[in-house]
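Residue numbers (the numbering used here): -4 to 320.
Structure, rendered in structure tokens:
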């Protein structure tokens, strides 16, 4: 009777052990799949490869050497401990916990990869959350050469998080960063180059031409540039070289005709002052930033124009500056 009871008690345990052995290959596959997915996520968002895991490889090699030195009995105990850990990892509750922890952990971090994609010249990159101001003290990431790659690792959420990318020479690009998939942006395919801009001094300030100067502040890292308006020229061109379109000429003449009682000779002089913009070779080409602070100082050093411009998206545009007084 007692033997029968012990047999009945042992039967569930034996059945559970048999079930564990039967599903062991499946659990091992699930663990391997988890490790494969985690490795793929790490390589995608952190850019980690075999070289980046040199520390881990060195540690494993050290363990192997130590195992060769220690006594056989101690080595067997160590290996038995490793087997117990692996066995614990493939248990169903542990697998579920690992999958959930990995799913939650990877949903908060993602990456943005920016490719030069054959574009000429270097570019400085800033990645900022929408609604936030770009860090003025930051130097940005440098994307160098036609094959350059820059990766930003940023926090996000399962519903995505809006970001915008600023690249010197290109218009600002807004997008939503999602977990797991991340985002890949190409300078040549996804971003638009900044335009050519002609800045005109208003007629009321033409009397100070030849002594005044325009200051262009693109912010870091490009900085400020001073341009003297010598020889009576009243316009500055920044960006790639371009001729003044005929429709601009007609619009400028129409604009001058609205100024009231003004001799035709004066109107013609103002028009000629605009017609041949100064192009300073020190200002980078293309324009290094989409947001520009423009100031105009008279020969006496008085600031009479202070204006912030956000250029784009037209490839060629002109702006007449507005006096502060």
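Glycine included, C-beta positions come from ideal geometry on N, C-alpha and C.
Predicted model only: the values in this text are computed from it and were never measured.
{"Asked": "Endpoints, the alpha helix (DSSP H) within which residue 88 is located", "Found": "87 to 101"}
{"Asked": "CB-CB length for residue 210 against residue 306, believed under 8 Å", "Found": "Rounded, the Cβ-Cβ distance is 16 Å, inconsistent with contact."}
{"Asked": "Coil, strand or helix - residue 238 by DSSP", "Found": "coil"}
{"Asked": "Exposed unless 16 or more other CB atoms sit within 10 angstroms - verdict on residue 207", "Found": "buried"}
{"Asked": "Whole-number beta carbon distance between residue 189 and residue 285, since they are thought to touch under 8 Å", "Found": "6 Å"}
{"Asked": "Stretch-stretch touch, CB-based, cutoff 8 Å, three pairs: the region 115 to 132 with the region 85 to 97", "Found": "no"}
{"Asked": "Any 3 or more C-beta pairs closer than 8 Å across the region 143 to 163 and the region 229 to 236", "Found": "no"}
{"Asked": "First and last residue of the uninterrupted alpha helix (DSSP H) at residue 260", "Found": "259 to 270"}
{"Asked": "Helix, strand or coil at residue 78 [DSSP, three-state]", "Found": "helix"}
{"Asked": "Residue 119 - partner residues in DSSP beta bridges", "Found": "137"}
{"Asked": "Member of 32, 141, 232 and 171 whose CA lies at the smallest distance from the CA of residue 112", "Found": "141"}
{"Asked": "Whole-angstrom C-beta distance between residue 268 and residue 229, which should lie under 8 Å", "Found": "4 Å"}
{"Asked": "Cα-Cα separation between residue 252 and residue 262, rounded to whole angstroms", "Found": "8 Å"}
{"Asked": "First and last residue of the uninterrupted beta strand (DSSP E) at residue 108", "Found": "104 to 110"}
{"Asked": "Close Cβ partners of residue 227 (< 7 Å) along its chain, the five nearest in sequence each way excluded", "Found": "204, 205 and 268"}
{"Asked": "Reference residue 214, options 40, 98 and 135, closest by Cα", "Found": "135"}
{"Asked": "Backbone CA spacing between residue 293 and residue 202 [nearest angstrom]", "Found": "10 Å"}
{"Asked": "Given residue 173 as reference, the closest of 162, 300, 152 and 164 once Cα atoms are compared", "Found": "152"}
{"Asked": "Sheet register partners of residue 233 (DSSP bridge)", "Found": "192"}
{"Asked": "Cβ pair residue 99, residue 145 closer than 8 Å", "Found": "no"}
{"Asked": "Beta-carbon proximity list for residue 319, same chain, < 7 Å, skipping 5 on both sides", "Found": "299, 300 and 301"}
{"Asked": "Integer Cβ distance of residue 105 from residue 167, believed to fall under 8 Å", "Found": "Between residue 167 and residue 105 the Cβ distance is about 20 Å, and since that is not below 8 Å, they are no contact."}
{"Asked": "Extent of the continuous beta strand (DSSP E) to which residue 160 belongs", "Found": "156 to 162"}
{"Asked": "Pairwise C-alpha distance: residue 138 and residue 164", "Found": "12 Å"}
{"Asked": "Expected contact under 8 Å - CB spacing of residue 232 and residue 272 to nearest Å", "Found": "4 Å"}
{"Asked": "Residue 302 - DSSP class collapsed to helix/strand/coil", "Found": "strand"}
{"Asked": "Three-way DSSP call (helix, strand, coil) for residue 129 in this model", "Found": "coil"}
{"Asked": "Proximal residues to residue 185 (C-beta, below 7 Å), its chain only, five neighbours per side dropped", "Found": "168"}
{"Asked": "Own chain, CB closer than 7 Å to residue 40, minus 5 neighbours either side, in chain order", "Found": "104, 105, 106, 148 and 177"}
{"Asked": "Length of the line joining the Cα atoms of residue 339 and residue 33", "Found": "Since the first residue shown for the chain is -4 and the last is 320, residue 339 is missing from the structure and cannot be characterised."}
{"Asked": "Closest Cα partner of residue 316 within the set 240, 254 and 197", "Found": "197"}
{"Asked": "Residue nearest to residue 246 in terms of C-alpha spacing, selected from 260, 256, 266 and 255", "Found": "266"}
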